[in-house]
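Asker:
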Amino acid sequence: MLSSGGVPVFNLAPNLTVSRLCLGTMTFGEQNTLTESFHLLDEAFHAGINFFDSAEMYPVPQRAETCGLSEEYLGRWIKHRNIPRDRLVIATKVAGPSGQMTWIRDGPKSLDATNIIQAIDNSLLRMQLDYIDLYQIHWPDRYVPMFGETEYDPDRQYSSISIDEQLEALSRAVKAGKIRYIGLSNETPYGLMKFIQVAQKFDSYLKIVSLQNSYSLLCRTFDSALAECCHHESIGLLAYSPLAMGILSGKYLSPGNGPPDARLNLFKGKYSEGESRYSLSNKAIHAATRVIFSLTFQITFFLCFDYHNQFFA
Numbered sequence: 001m002l003s004s005g006g007v008p009v010f011n012l013a014p015n016l017t018v019s020r021l022c023l024g025t026m027t028f029g030e031q032n033t034l035t036e037s038f039h040l041l042d043e044a045f046h047a048g049i050n051f052f053d054s055a056e057m058y059p060v061p062q063r064a065e066t067c068g069l070s071e072e073y074l075g076r077w078i079k080h081r082n083i084p085r086d087r088l089v090i091a092t093k094v095a096g097p098s099g100q101m102t103w104i105r106d107g108p109k110s111l112d113a114t115n116i117i118q119a120i121d122n123s124l125l126r127m128q129l130d131y132i133d134l135y136q137i138h139w140p141d142r143y144v145p146m147f148g149e150t151e152y153d154p155d156r157q158y159s160s161i162s163i164d165e166q167l168e169a170l171s172r173a174v175k176a177g178k179i180r181y182i183g184l185s186n187e188t189p190y191g192l193m194k195f196i197q198v199a200q201k202f203d204s205y206l207k208i209v210s211l212q213n214s215y216s217l218l219c220r221t222f223d224s225a226l227a228e229c230c231h232h233e234s235i236g237l238l239a240y241s242p243l244a245m246g247i248l249s250g251k252y253l254s255p256g257n258g259p260p261d262a263r264l265n266l267f268k269g270k271y272s273e274g275e276s277r278y279s280l281s282n283k284a285i286h287a288a289t290r291v292i293f294s295l296t297f298q299i300t301f302f303l304c305f306d307y308h309n310q311f312f313a
């Protein structure tokens, strides 16, 4: 099935039809001005994209001066363009514990009920909305290797808020009409199944409908245990960074490691995931990226050619 603009759509959950392409707003307010953000949103919407994702901590890199601007820009666009709310699917996220972003809710020390409800209310205010379609936990309230880390260290565990309390708070927000569906992000197979297990104990708790994790030809961690979990539990993957932070576009393979305003050059030291997982200074990764980029370009060309022929047949 296609949207009015030609982008394929699917049912992420009952009564939640989304375009298969979702526009993320992580750069709005930092790399992108309000005018540029409006232009990107306009282009996406007119192309048939109805699914837009943000987060309370955006834009990235995170700064106190810009925190919340991505949600604010998205909300201002919806209001300024006077788009009927039922034509959009708006997703956003609550930040997990962080000792660095002290400007978010006086420092997001935990995902207890108070912090979750406060984060939801703040996001609704910034976006000038009555409700959020998909509300996600940005990262777990427990230690897990993420954002480029690959090995689990049990010594880094800390006392965390129970999944029961997190689900209770989210379900309460659904009953209050503030959010419609819930999802997870940067989660592990263990965490995903624990949320499902706890939700099954109480009829009042909502089931997780989506998982937003990094996924690309350079990051395939989803393909093993998480893929099995999502398949059996009917949970949709929302793949972020499908171009591996722009590396698969090929721009960082050019002389001088790409244009100076490219994200990984403009904000050196700020993107730990890209610099650790996709470091092009590693000759093996550099060579592999060249091969993957070449294959990706060829596949994309033939797919586009085939789609073009079918579309006009």
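Residue numbering for the sequence shown follows UniProt numbering, beginning at 1 and increasing consecutively.
Note that CB positions come from ideal geometry on N, CA and C, so glycine has one too.
Is there contact between the stretch 145–165 and the stretch 119–136, where contact requires at least three CB pairs shorter than 8 Å?
Answerer: The stretch 145–165 is not in contact with the stretch 119–136.
Asker: Report the rounded CA-to-CA distance for asparagine 186 versus alanine 288, giving the unit in angstroms.
Answerer: In the sequence shown, the residue the question calls residue 186 occupies position 186. In the sequence shown, the residue the question calls residue 288 occupies position 288. So the alpha carbons of these two residues sit roughly 25 Å apart.
Asker: So tyrosine 181 is in the beta strand (DSSP E); what residue range does that whole segment cover?
Answerer: Numbered from its first residue, the sequence shown carries residue 181 at position 181. For tyrosine 181, the enclosing beta strand (DSSP E) covers residues 179–185.
Asker: Buried or exposed for glutamate 228, please, with buried defined as at least 16 other CB atoms from any protein chain shown within 10 angstroms of its CB.
Answerer: Taking the first residue of the sequence shown as 1, we reach residue 228 at position 228. By the neighbour-count rule (16 or more Cβ atoms within 10 Å), glutamate 228 is not buried but exposed.
Asker: Note down the Cα distance separating isoleucine 49 from glycine 5, rounded to an integer number of angstroms.
Answerer: Counting from one through the sequence shown, the residue named residue 49 turns up at place 49. Counting from one through the sequence shown, the residue named residue 5 turns up at place 5. One C-alpha to the other measures close to 7 Å.
Asker: Taking the alpha helix (DSSP H) that residue 324 belongs to, which residues open and close that run?
Answerer: A question about residue 324 goes unanswered here, because the residues of the chain that appear run from 1 up to 313.
Asker: Name the residue from Lys79, Arg63, Val144, His80 whose alpha carbon lies nearest to the alpha carbon of isoleucine 104.
Answerer: Counting from one through the sequence shown, the residue named residue 104 turns up at place 104. That would be Arg63, whose Cα lies nearest to the Cα of isoleucine 104.
Asker: Are the CB atoms of tyrosine 58 and methionine 26 within a distance shorter than 8 Å?
Answerer: One-based indexing of the sequence shown puts residue 26 at position 26. One-based indexing of the sequence shown puts residue 58 at position 58. Closer than 8 Å, so yes.
Asker: Return the first residue and the last residue of the alpha helix (DSSP H) that alanine 119 is part of.
Answerer: Working through the sequence shown from its first residue, we reach residue 119 at position 119. Note, alanine 119: alpha helix (DSSP H), 113–127.
Asker: Within the same chain, show all residues whose beta-carbon is closer than 6 Å to that of tyrosine 135, passing over the 5 residues directly before and after it, in chain order.
Answerer: Looking up residue 135 in the sequence shown gives position 135. Only Ile179, Ile182 meet the Cβ criterion.
Asker: Classify residue 345 as helix, strand or coil using the three-state DSSP reduction.
Answerer: Because the chain spans 1 through 313 in this model, residue 345 falls outside it and cannot be assessed.
Asker: I'd like to know whether the C-beta atoms of leucine 248 and cysteine 230 end up nearer to each other than 8 Å.
Answerer: To locate residue 248, count along the sequence shown from 1; it is residue 248. To locate residue 230, count along the sequence shown from 1; it is residue 230. The Cβ atoms of leucine 248 and cysteine 230 lie no closer than 8 Å to each other.
Asker: Relative to the C-alpha of arginine 76, which residue among Thr66, Ala225, Arg126 is closest?
Answerer: Indexing the sequence shown from 1 puts residue 76 at position 76. Among Thr66, Ala225, Arg126, the Cα nearest to that of arginine 76 belongs to Arg126.
Asker: Using the beta-carbon count (16 or more within 10 Å), is glutamine 166 buried or exposed?
Answerer: The residue given as residue 166 occupies position 166 in the sequence shown. Result: buried.
Asker: Per DSSP, what kind of secondary structure is leucine 211 in: helix, strand or coil?
Answerer: On the sequence shown, residue 211 is found 211 positions in, with the first residue counted as 1. DSSP places leucine 211 in strand when its eight states are reduced to three.
Asker: Please name the residue in His46, Leu69, Asp112 whose C-alpha comes closest to that of glutamate 56.
Answerer: Mapped onto the sequence shown, residue 56 falls at position 56. Of the candidates His46, Leu69, Asp112, the one whose C-alpha sits nearest the C-alpha of glutamate 56 is Leu69.
Asker: Determine the extent of the alpha helix (DSSP H) in which aspartate 164 is found, giving its start and end residues.
Answerer: Indexing the sequence shown from 1 puts residue 164 at position 164. Element bounds for aspartate 164: 163–175.
Asker: Roughly how many angstroms separate the alpha carbons of phenylalanine 311 and proline 154, rounded to a whole number?
Answerer: Your numbering for residue 311 matches position 311 in the sequence shown. Your numbering for residue 154 matches position 154 in the sequence shown. Here the model assigns phenylalanine 311 a pLDDT of 40, short of 50, so the residue's position is not dependable, and the following value carries that caveat. The straight-line gap separating the alpha-carbon atoms of phenylalanine 311 and proline 154 is approximately 53 Å.
Asker: For the alpha helix (DSSP H) that lysine 79 lies in, which residues bound it at each end?
Answerer: Here the question's residue 79 lines up with position 79 in the sequence shown. It spans 69–81 - the alpha helix (DSSP H) in which lysine 79 sits, taken as one unbroken run.
Asker: Report yes if the C-beta distance between glutamate 168 and serine 123 is below 8 Å; otherwise report no.
Answerer: The residue given as residue 168 occupies position 168 in the sequence shown. The residue given as residue 123 occupies position 123 in the sequence shown. Result no, Cβ atoms of glutamate 168 and serine 123 do not sit closer than 8 Å.
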